[in-house]
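Before any comments, here is the structure.
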Amino acid sequence: MAGHRWHRRLLTTVAGFAGVVIAIYAATRIVAFVELFGIFKDHAGVRNTQAEIAAYYNSSSSDSRSPMVPKIIHQVFHNWHDENNDTIPAKWQPSRQSCLDLNPDWEQMLWSAKRSEEFIEKEYPWFLSAYKSYKYPVQRVDVIKYFVLHHYGGIYIDLDNGCTANLEPLTYYPAFTTDGGLGALSNNIMGGTPEHPFFVIITENLIRWKLNYLLPYVTVMLCSGQWFLTAMWEKYHSDLSPDSTVRGFANAKIGWKPLHRILMDMRPGADPWVFFNQVAGESWADWDYRILKAIGDHIVLIILLVVVFICVLVRFCMNYRARSRATYIEYQKLDI
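Numbering-wise, the sequence shown is residues 231 to 566 according to this note's numbering.
This is how it looks when you write it as structure tokens:
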């Protein structure tokens, strides 16, 4: 009987320890995921409104700076029905033309599906197999943005974003992306210098993050989309040392700094946009997007409910274990 009790206690201890380890790991993963949305703390980097950037450019203090970002505008149009047809739909032509008209001295690079694959095959052959194997076509649209900025530098602009001013003021920021003011960062507009550590971190982590999460929207967002981009943004800043070096870039130049988040908040009362506007896009989101959006709209309440549920569950388990132990002791007395 003593051996039986010892065996039972050992199993209970092992199971309890394993449960604690699993709970801690799950909690750290949940916290890391929630941090992508900037709920409990703001995203890393420097937050700038578009008006602040324009004002700084027009001030005398900007005279001593030199532009760093090449004057190249990248845009992507992948015709998912005919890769040989790169004719941009009429609804996006005005927004694209606005960027051409306001930046006449900039090089314009339009990346069709065929041109994108040829570029990856030539410049990044190690990634070609992964590029071609993405389950959802929009994932290839996402990743080509990162690779062309890594290779050429410049500014990437989604076709459903137009320009309302010359983009010269943005060329003074070595790497930047846009921030909707709520949730994950955006990859609809981003820019920087060629081979910036931020773009290196992005491109070198794509394969490691290339997993199937079953839900289409989650798979796209975590493998190549905005959630992935936000995770890489936070990784860059966690790897940034006080001496202005980036961990893993020992041979790179010293002088890397926190990156800039340019606000593009569409909520009422938000800071006005200066450089860009927004037109109707073509949604690729699947059925799970609506579910996740509903969760995201009430994320704080849902987290509180989950915490309460876990506390109730733990309390129930403790009470159940206490009752079971008392019953076992009574059984032992009767057995004697």
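Glycine included, every Cβ here is placed at the ideal spot set by N, Cα and C.
(request) Mind the definition here: the segment 332-345 touches the segment 288-308 only if three or more C-beta pairs lie below 8 Å; say whether that holds. (result) Yes: at least three Cβ pairs fall under 8 Å.
(message) By the DSSP assignment, the alpha helix (DSSP H) with Asp469 in it spans what residues?
(response) Counting along the chain, the unbroken alpha helix (DSSP H) around Asp469 starts and ends at Gln456 to Asp469.
(request) For the alpha helix (DSSP H) holding Asp331, just list the boundary residues, first then last. (result) Counting along the chain, Asp331 sits inside the alpha helix (DSSP H) bounded by residues Gln323 to Leu332.
(message) Taking 8 Å as the limit between beta carbons, can you name the residues of its chain near Ala256, skipping five residues before and five after?
(response) Interpretation of Ala256 is limited by its pLDDT of 47, a score under 50 that renders its predicted location unreliable; no figure is taken from the coordinates.
(message) Under 7 Å: does the beta carbon of Asn442 sit that close to some heavy atom of the ligand NAP?
(response) Here there are no bound small molecules, and the ligand NAP is not part of this structure.
(message) Contact defined as beta carbons within less than 8 Å: I believe Ile431 pairs with Lys465. What is the distance between those atoms, to the nearest angstrom?
(response) Yes, Ile431 and Lys465 are in contact; Cβ-Cβ is about 6 Å, under 8 Å.
(request) Note down the Cα distance separating Pro297 from Pro446, rounded to an integer number of angstroms. (result) Spanning the alpha carbons of Pro297 and Pro446 requires a straight line of approximately 40 Å.
(request) Determine the extent of the beta strand (DSSP E) in which His571 is found, giving its start and end residues. (result) Since the first and last residues shown for the chain are 231 and 566, residue 571 lies out of range.
(message) Cutting at 8 Å between CB atoms, please list the residues of its own chain near Met462, excluding the five before and the five after it.
(response) Within the same chain, and ignoring the five residues on either side of Met462 in sequence, the residues whose Cβ sits closer than 8 Å to its Cβ are Phe428, Ile431, Ile432 and Asn435.
(request) State yes or no: is the C-beta of His308 within less than 8 Å of the C-beta of Ser346? (result) For His308 and Ser346, yes; Cβs fall inside 8 Å.
(request) Please classify Cys329: is it buried, with 16 or more other beta-carbons within 10 angstroms of its beta-carbon, or exposed? (result) Buried.
(request) With a 10 Å radius around its C-beta and 16 neighbouring C-beta atoms as the bar for buried, classify Met548 as buried or exposed. (result) It counts as exposed.
(request) Express the C-alpha separation of Ser454 and Leu332 in angstroms, rounding to a whole number. (result) Those two C-alpha atoms are separated by around 30 Å.
(request) Please confirm whether Gln280 and Ile492 have their CB atoms less than 8 Å apart. (result) Yes, the Cβ-Cβ distance between Gln280 and Ile492 is below 8 Å.
(request) Check whether the Cβ atoms of Gly410 and Gly384 lie closer than 8 Å to each other. (result) Pairing Gly410 with Gly384 gives a Cβ-Cβ distance that is not under 8 Å.
(request) Kindly list the residues whose CB is nearer than 8 Å to the CB of Arg520, restricted to its own chain and excluding five residues on each side of it in sequence; keep chain order. (result) Here the model assigns Arg520 a pLDDT of 48, short of 50, so the residue's position is not dependable and the matter cannot be decided.
(message) Using the three-state DSSP reduction, which class does Met548 fall into: helix, strand or coil?
(response) Three-state DSSP puts Met548 in a helix.
(message) Within 8 Å of any Cβ in chain B, is that where the Cβ of Leu400 sits?
(response) The displayed structure is made up of one protein chain only, and chain B is not part of it.
(request) Whole angstroms is fine: what's the gap from Phe406's alpha carbon to His490's? (result) Cα atoms of Phe406 and His490: separation of roughly 5 Å, rounded to the nearest angstrom.
(message) On the DSSP letters alone, give me the boundaries of the alpha helix (DSSP H) that Val430 sits inside.
(response) Where Val430 is concerned, the enclosing alpha helix (DSSP H) stretches over Pro427 to Asn435.
(request) Enumerate in chain order the residues of its own chain whose CB-to-CB distance from Val450 is below 8 Å, with the five nearest sequence positions on each side excluded. (result) Excluding five sequence positions before and after Val450, the CB atoms of its chain that fall closer than 8 Å to its own CB belong to Tyr366, Val368, Gln369, Asp372 and Trp514, given in chain order.
(message) Considering only DSSP beta bridges, list what Thr407 is partnered with.
(response) BP columns for Thr407 point to Met420 and Arg491.
(request) Go ahead and pull the three-state DSSP assignment for Phe506. (result) Residue state, collapsed to three classes: strand.
(message) For Phe479, tell me which candidate among Arg545, Phe458 and His426 has the shortest Cα-Cα distance.
(response) The shortest CA-to-CA distance from Phe479 to any of Arg545, Phe458 and His426 is the one to His426.
(message) Below 8 Å on the Cβ atoms is my contact criterion, and I expect Asp390 with Val509 to pass it. Report the Cβ-Cβ distance as a whole number of Å.
(response) Sure, about 5 Å apart at Cβ, within 8 Å.
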